[in-house]
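Asks: In the UniProt record's numbering, the protein residues as written are 1 to 513. Every residue gets a Cβ at the ideal spot worked out from N, C-alpha and C, and that includes glycine. The structure's right below; bear with me while I get my questions together.
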């Protein structure tokens, strides 16, 4: 068959690997510049439309960015339809506003300092062109409304003698003809009206002219962030997750041992739906590490544990969800257990795919993709930095083994991404038959690492299992040690475009494909 018929008959193969390019950077670090602790970004999140991006830092600040490439043309819809713009135009963002979300606090009952660091940010449904989001530190969740308000300005000063007044209740026209009121508290009315104090006094007829400002609302607008509600005093341990429900009315917050369900409109009451705290704390075997609502079903949520398991629970089963609907965990290979097995098995982050069919989890060494309809094991496993396995002792000594890396999925569900050390991040293809496994560095030249090591073999792989072989070559070919102090913990994938925003210390980098 020829022409178009030939294309139809050809079976669709896995998507081609993406060619990633640098897009933007905010807060780029200058060589030799000392980074302030409060400026390090600790949370990042796109909203559902992808038009806004929020970041939170260790100083308790939330910074908002807005998409500009869709607004730059300034044309009507009909003009835009007639104009031939290139389809490959990638998303671009600009700084929108920032506000102080949390301040450092002190718990006097427990003699405990509460950091202002933002742990998580989640966008809520918009209303009346206002933006709503949740932000949390270790103990307190806040509900913010960000809205444009018109600026009020002083336009002119009135100085009309005919409208001059005294102290607000004595007018120049009512001077001698009106009857005098009765004395109050034994003080003559003349004295009480005309002598307000030792320093201020008005003449009997009032001032000849009193200048009054006239305030008018201008067309200029200013973004104002206002804290609508504060949800506090509900967690004994540090909050590690917050997640919005698809019903738009409720959200969950999770700490090491409990998950609470909140209503956005009620800040003084929450319901405990998961409680792992044993009667005797010596019997504690695992803690909650992450929790997230299902993107479509408001009655379902998942949470991960430090044992490497994911539990899917159904809120319709009981008020306290001690029993799970499904348990996802991978059986341990015989003879593979070591001192570090439980530590590196701890899941640091989970994310639902957009359609809710799959769950992506990140433990210290791997990314795993789970099908919620198949609890026998993950459908795919991606080795992130297998070359670190011989160095687990060193990583344990410097506490790097406890770093919590986040993960994300593309909007179409065909790719997953997560971070590593030396400001590297990995992008894997998870479509059937895909061999995509790309390593990028959070710099203006994301492919720099690959250019510097031309001896490294090509990245085309025949199977997912060969990712391990490629990763062992990820060690610097010049013998330089990896930098464990520069770690890429936080990143987010745009919901509709192939755009990744990732965090390197105090810098926000964006890459498109």
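Name, in chain order, the residues that DSSP records as bridge partners for residue 300.
Replies: Looking up residue 300 in the chain shown gives position 300. Answer by DSSP bridge pairing, in chain order: 314.
Asks: Given this structure, state the Cα-to-Cα distance separating residue 405 from residue 445, to the nearest angstrom.
Replies: Along the chain shown, read from residue 1 onward, the residue named residue 405 stands at position 405. Along the chain shown, read from residue 1 onward, the residue named residue 445 stands at position 445. Roughly 22 Å between the two C-alpha positions.
Asks: Classify residue 13 as buried or exposed, calling it buried when 16 or more other Cβ atoms lie within 10 Å of its own Cβ.
Replies: By 1-based counting over the chain shown, the position of residue 13 is 13. Answer is exposed; the Cβ neighbour count stays below 16.
Asks: Thinking C-beta only, is residue 134 closer than 8 Å to residue 141?
Replies: As a working mapping, residue 141 is identified with position 141 in the chain shown. As a working mapping, residue 134 is identified with position 134 in the chain shown. Contact: yes.
Asks: Using the three-state DSSP reduction, which class does residue 136 fall into: helix, strand or coil?
Replies: For the purposes of this step, residue 136 is identified with residue 136 of the chain shown, where counting begins at 1. Residue state, collapsed to three classes: strand.
Asks: On the three-state DSSP scale, how would you describe residue 494?
Replies: For the purposes of this step, residue 494 is identified with residue 494 of the chain shown, where counting begins at 1. Coil.
Asks: Measure the CB-CB distance between residue 496 and residue 356 and report whether it falls below 8 Å.
Replies: In the chain shown, the residue the question calls residue 496 occupies position 496. In the chain shown, the residue the question calls residue 356 occupies position 356. It is not a contact, given that the beta carbons lie outside the stated cut-off.
Asks: Would the beta-carbon of residue 57 fall within 8 Å of that of residue 39?
Replies: Within the chain shown, numbered from 1, the residue matching residue 57 stands at position 57. Within the chain shown, numbered from 1, the residue matching residue 39 stands at position 39. Yes; because the gap between Cβ atoms is below 8 Å, this pair is in contact.
Asks: To the nearest angstrom, how far is the alpha carbon of residue 345 from that of residue 366?
Replies: To locate residue 345, count along the chain shown from 1; it is residue 345. To locate residue 366, count along the chain shown from 1; it is residue 366. So the alpha carbons of these two residues sit roughly 9 Å apart.
Asks: Using DSSP with H/G/I as helix, E/B as strand and the rest coil, what is residue 319?
Replies: Along the chain shown, one-based indexing puts residue 319 at 319. It is coil, neither helix nor strand.
Asks: Assuming residue 518 and residue 507 form a contact by the criterion Cβ under 8 Å, report the distance between their Cβ atoms to the nearest whole angstrom.
Replies: Nothing about residue 518 can be read from this structure; the chain reaches only from 1 to 513.
Asks: Should residue 235 be labelled buried (16 or more other beta-carbon atoms within 10 Å of its own) or exposed?
Replies: Residue mapping note: residue 235 aligns to position 235 of the chain shown, counting from 1. Flag for residue 235 reads buried.
Asks: Tell whether a beta-carbon distance below 8 Å holds between residue 144 and residue 225.
Replies: In the chain shown, counting from the first residue as 1, residue 144 sits at position 144. In the chain shown, counting from the first residue as 1, residue 225 sits at position 225. In contact: residue 144 and residue 225 (Cβ atoms closer than 8 Å).
Asks: Rounded to whole angstroms, what is the Cα-Cα separation between residue 504 and residue 274?
Replies: The residue labelled residue 504 in the question sits at position 504 within the chain shown. The residue labelled residue 274 in the question sits at position 274 within the chain shown. Going from the Cα of residue 504 to the Cα of residue 274 covers about 34 Å.
Asks: So, are the CB atoms of residue 423 and residue 442 less than 8 Å apart?
Replies: The residue you call residue 423 lines up with position 423 of the chain shown. The residue you call residue 442 lines up with position 442 of the chain shown. Their beta carbons are under 8 Å apart, which means residue 423 touches residue 442 by this criterion.
Asks: Would DSSP call residue 275 helix, strand or coil?
Replies: Your numbering for residue 275 matches position 275 in the chain shown. DSSP places residue 275 in strand when its eight states are reduced to three.
Asks: If you compare alpha carbons, which of 310, 67, 387 is closest to residue 369?
Replies: Here residue 369 refers to the residue found at position 369 of the chain shown. Cα-wise, what sits closest to residue 369 is 310.
Asks: Quick test of your reading: residue 60 and residue 103, contact by CB under 8 Å. State the CB separation rounded to the nearest angstrom.
Replies: Counted from its first residue, the chain shown places residue 60 at position 60. Counted from its first residue, the chain shown places residue 103 at position 103. Yes, residue 60 and residue 103 are in contact; Cβ-Cβ is about 6 Å, under 8 Å.
Asks: Let me confirm a value: residue 551 is counted as buried when at least 16 other C-beta atoms fall within 10 Å, else exposed. Which label applies?
Replies: This structure does not reach residue 551, given that the chain is present from 1 up to 513, and the question cannot be answered.
Asks: Check whether the Cβ atoms of residue 90 and residue 512 lie closer than 8 Å to each other.
Replies: Counting from 1 along the chain shown, the entry for residue 90 is found at position 90. Counting from 1 along the chain shown, the entry for residue 512 is found at position 512. Yes.
Asks: Sort out for me which residues DSSP pairs residue 327 with in a bridge.
Replies: Taking the chain shown and counting its residues from 1, one reaches residue 327 at position 327. Its beta-bridge partners are 311.
Asks: Report yes or no: do three or more beta-carbon pairs, one from the stretch 346-353 and one from the stretch 283-293, lie closer than 8 Å?
Replies: The stretch 346-353 is in contact with the stretch 283-293.
Asks: Taking contact to mean at least 3 C-beta pairs separated by less than 8 Å, is the stretch 238-245 in contact with the stretch 148-156?
Replies: The stretch 238-245 is not in contact with the stretch 148-156.
Asks: Can you give, in chain order, each stretch of the beta strand (DSSP E) that sits fully within the stretch 27-56 and has at least 3 residues?
Replies: The stretch 27-56 contains these whole beta strand (DSSP E) runs: 41-46.
Asks: Evaluate contact between the stretch 226-233 and the stretch 260-271, counting only Cβ atoms and requiring at least three cross-stretch pairs below 8 Å.
Replies: Enough Cβ pairs lie closer than 8 Å, so yes.
Asks: Which same chain residues end up closer than 8 Å to residue 317 when comparing Cβ atoms and leaving out the 5 residues on each side of it in sequence?
Replies: Counting from one through the chain shown, the residue named residue 317 turns up at place 317. Excluding sequence neighbours, residue 317 sits near 323, 325.
Asks: Do the CB positions of residue 514 and residue 425 come within less than 8 Å of each other?
Replies: Look at the range of the chain in this structure, 1 to 513, and you will see that residue 514 is not part of it.
Asks: Among 247, 252, 113, 447, which one has its Cα closest to the Cα of residue 272?
Replies: For the purposes of this step, residue 272 is taken as residue 272 along the chain shown, with counting starting at 1. It is 252 whose Cα lies nearest to the Cα of residue 272.
Asks: How would you call residue 216, buried or exposed, if buried means at least 16 neighbouring beta carbons within 10 angstroms?
Replies: Translated into positions along the chain shown, residue 216 becomes position 216. Flag for residue 216 reads exposed.
Asks: Alpha carbon to alpha carbon, how far is residue 214 from residue 63? Give it in angstroms, no decimals.
Replies: Locating residue 63 in the chain shown gives position 63, counting from the first residue. Locating residue 214 in the chain shown gives position 214, counting from the first residue. Going from the Cα of residue 63 to the Cα of residue 214 covers about 34 Å.
Asks: In the DSSP output, what is residue 98 paired with across the bridge?
Replies: Counting from 1 along the chain shown, the entry for residue 98 is found at position 98. Its beta-bridge partners are 63.
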